[in-house]
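Colleague: Before anything else, here's the structure in question.
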Amino acid sequence: MDLFAGIGGFRLAMQAIGGRCVFTSEWDKWAQQTYKANFGNLPFGDIRQEDVKAQIPSEFDVLCAGFPCQPFSIAGVSKKNSLGRDTGFLDKTQGTLFFDVAEIIRRHRPKAVFLENVKNLLSHDRGRTFKVIKTTLEDLNYVVHFKVMDGGAYTPQHRERIMIVCFDSSRYPKAQRFTFPELPEQKPRLRQILQDDVDDKYTISDKLWAYLQCYAEKHRQKGNGFGYGLADLDGITRTLSARYYKDGSEILIPQTGKNPRRLTPRECARLMGYPENYRIDAVSDTQMYRQLGNSVVVPLIAAVSKQMDDYLTQWETTC
């Protein structure tokens, strides 16, 4: 089952290794539209509501959840601090959603759990936030494995995320033996995912380009690295964020004889590892940028999922 499904990155990854999705929850109406356009069904809404929880099948093998990362991400924490808002578990709207996941795990006892979140989850609140998460899962009698992994091994984007994999220890008493997959050594290059003919609407204006250069120079003089990111076509990009729709400054593509341009939605989809037949036309460009910036790197999730499946299969065939 797929909680906080977004636009279905976890589902694509699991289906790639033979999985079948039996329940989906996503509360954002625009993400729901993209999800429906690609999978044919509209996800259930707010998982905190008991009427939604009542729709969950009594039995399923794996629970997947990329629970909202904004309460724990560096960007999210910085923004909320500046606005005087709570972060982490104190964020009443998003931070406590992990406990809804934990309650579903308690009720249904899946064989395995796969959670994904930002790297900053490990260090948030001096490590106390992650300790609560890990302890909660262990108290539910699950063996917890975690590792920070970079999606840049599969797509040309630096995107470090923590992978949390759990197994029901009553079923798999030797679950401590699970290991995460080794990442491929050969990294893809940015130019491999760029489109040949791109509409001029993605080229940034003279005014914005002048502002970005001025902003970057001010911060350079102060000795910090804030500013736009002019991408190396033979390298990888910065992390794509949900705010990319605003000005695209975190990842700009150099162009000969004109201002840099932002990535197109299709290029962003490729940057996240979505297949070419994945539909991105059900919503506006703005919404698509947001949705992809909040998504997972599909091939990385697929690699971890396959490792989980191999472990479960090996255990069940030897017992």
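Going by the numbering used here, the residue at position 82 of the sequence shown is 92; the numbering climbs one at a time, nothing skipped. Ideal Cβ positions, reconstructed from N, Cα and C, are used throughout, including at glycine.
Tell me the residue span of the beta strand (DSSP E) that contains R272.
Modeller: Reading the sequence shown from its first residue, position 262 is the one you call residue 272. Run containing R272: K268 to R272, per the beta strand (DSSP E) assignment.
Colleague: Terminal residues of the continuous alpha helix (DSSP H) containing N48?
Modeller: The sequence position of residue 48 within the sequence shown is 38, counting from 1. Looking at the DSSP string, the run of the alpha helix (DSSP H) that includes N48 is K39 to F49.
Colleague: With 16 as the cutoff for other CB atoms within 10 Å, does A64 come out buried or exposed?
Modeller: Within the sequence shown, numbered from 1, the residue matching residue 64 stands at position 54. Flag for A64 reads exposed.
Colleague: Grab me the residues of M298's own chain with a C-beta within less than 6 Å of its C-beta, minus the 5 sequence neighbours each way, in chain order.
Modeller: Position 288 of the sequence shown, counted from the first residue, corresponds to residue 298. So the qualifying residues of the chain are P275 and I290.
Colleague: Check each candidate in T323, Q324, L322 and I311 and name the one with the smallest Cα separation from G19.
Modeller: To locate residue 19, count along the sequence shown from 1; it is residue 9. Minimum Cα distance to G19 is reached at I311.
Colleague: Fully enclosed by the segment 281 to 307, which alpha helix (DSSP H) runs are 4 residues long or longer?
Modeller: Here the runs fully enclosed are 295 to 303.
Colleague: Please classify E277 as buried or exposed, where buried requires at least 16 neighbouring CB atoms within 10 angstroms.
Modeller: As a working mapping, residue 277 is identified with position 267 in the sequence shown. Looking at its Cβ environment, which holds 16 or more other Cβ atoms inside 10 Å, E277 is buried.
Colleague: List the endpoints of the continuous alpha helix (DSSP H) containing M24.
Modeller: Residue mapping note: residue 24 aligns to position 14 of the sequence shown, counting from 1. Segment G19 to A26, the alpha helix (DSSP H) holding M24.
Colleague: Thinking C-alpha only, which one of G239, I246 and K184 is nearest K169?
Modeller: As a working mapping, residue 169 is identified with position 159 in the sequence shown. In the sequence as displayed, the identity of residue 169 is Arg instead of Lys. Selected option, being the one with the closest Cα: I246.
Colleague: Using 7 Å as the threshold, is the C-beta distance between V314 and G283 below it?
Modeller: Within the sequence shown, numbered from 1, the residue matching residue 314 stands at position 304. Within the sequence shown, numbered from 1, the residue matching residue 283 stands at position 273. Not in contact: V314 and G283 (Cβ atoms no closer than 7 Å).
Colleague: Count Cβ pairs between the segment 152 to 163 and the segment 106 to 114 that sit closer than 8 Å; are there 3 or more?
Modeller: No, because fewer than three Cβ pairs between the segment 152 to 163 and the segment 106 to 114 fall closer than 8 Å, the two stretches do not touch.
Colleague: Would you check if the distance between the CB atom of A185 and the CB atom of V153 is smaller than 7 Å?
Modeller: Mapped onto the sequence shown, residue 185 falls at position 175. Mapped onto the sequence shown, residue 153 falls at position 143. Against a cut-off of 7 Å, the Cβ pair of V153 and A185 comes out as a contact.
Colleague: Taking just the CA atoms, how far does S180 sit from K272?
Modeller: Translated into positions along the sequence shown, residue 272 becomes position 262. Translated into positions along the sequence shown, residue 180 becomes position 170. In the sequence under discussion, the amino acid at residue 272 is Arg, which differs from the Lys named in the question. Near 50 Å, if we compare the C-alpha coordinates of S180 and R272.
Colleague: Please report the distance separating the alpha-carbon of W40 from that of V293.
Modeller: The sequence position of residue 40 within the sequence shown is 30, counting from 1. The sequence position of residue 293 within the sequence shown is 283, counting from 1. If you take the alpha carbons of W40 and V293, they lie about 7 Å apart.
Colleague: Going by C-alpha to C-alpha distance, which of L150, L200 and D244 sits closest to D178?
Modeller: Locating residue 178 in the sequence shown gives position 168, where the first residue counts as 1. Looking at the Cα atoms, L150 is the closest of the given residues.
Colleague: Whole angstroms are fine: how far does the CA of T296 sit from the CA of L147?
Modeller: Looking up residue 147 in the sequence shown gives position 137. Looking up residue 296 in the sequence shown gives position 286. Each residue's alpha carbon lies about 36 Å from the other.
Colleague: Whole angstroms is fine: what's the gap from Y288's alpha carbon to L193's?
Modeller: On the sequence shown, position 278 is the one that residue 288 refers to. On the sequence shown, position 183 is the one that residue 193 refers to. Roughly 25 Å between the two C-alpha positions.
Colleague: Let's see if you can read the secondary structure: which residues bound the beta strand (DSSP E) around Y225?
Modeller: Walking along the sequence shown from the start, residue 225 turns up at place 215. Per DSSP, Y225 belongs to no beta strand (DSSP E); it is in the alpha helix (DSSP H), D216 to Q231.
Colleague: Please work out which residues of its chain come closer than 7 Å, Cβ to Cβ, to D56, disregarding the five sequence neighbours upstream and downstream, and give them in chain order.
Modeller: Position 46 of the sequence shown holds residue 56. Excluding residues within five positions, the ones whose Cβ falls inside 7 Å are W37 and V62.
Colleague: Alpha carbon to alpha carbon, what distance is there between D242 and T323?
Modeller: Working through the sequence shown from its first residue, we reach residue 323 at position 313. Working through the sequence shown from its first residue, we reach residue 242 at position 232. Distance between the alpha carbons of T323 and D242 is about 42 Å.
Colleague: According to DSSP, simplified to helix, strand and coil, what is E170?
Modeller: As a first step, residue 170 is located in the sequence shown; it is residue number 160 there, counting from the start. Strand, per DSSP.
Colleague: Using CA atoms only, rank isn't needed, just tell me which of S259, R248 and T213 is closest to A226.
Modeller: Against the sequence shown, residue 226 aligns to sequence position 216. With distances taken between Cα atoms, A226 lies closest to S259.
Colleague: Mark Q196 as exposed unless 16 or more other C-beta atoms lie within 10 angstroms of its C-beta, in which case mark it buried.
Modeller: Numbered from 1 along the sequence shown, position 186 holds the residue referred to as residue 196. Per the 10 Å Cβ criterion, exposed.
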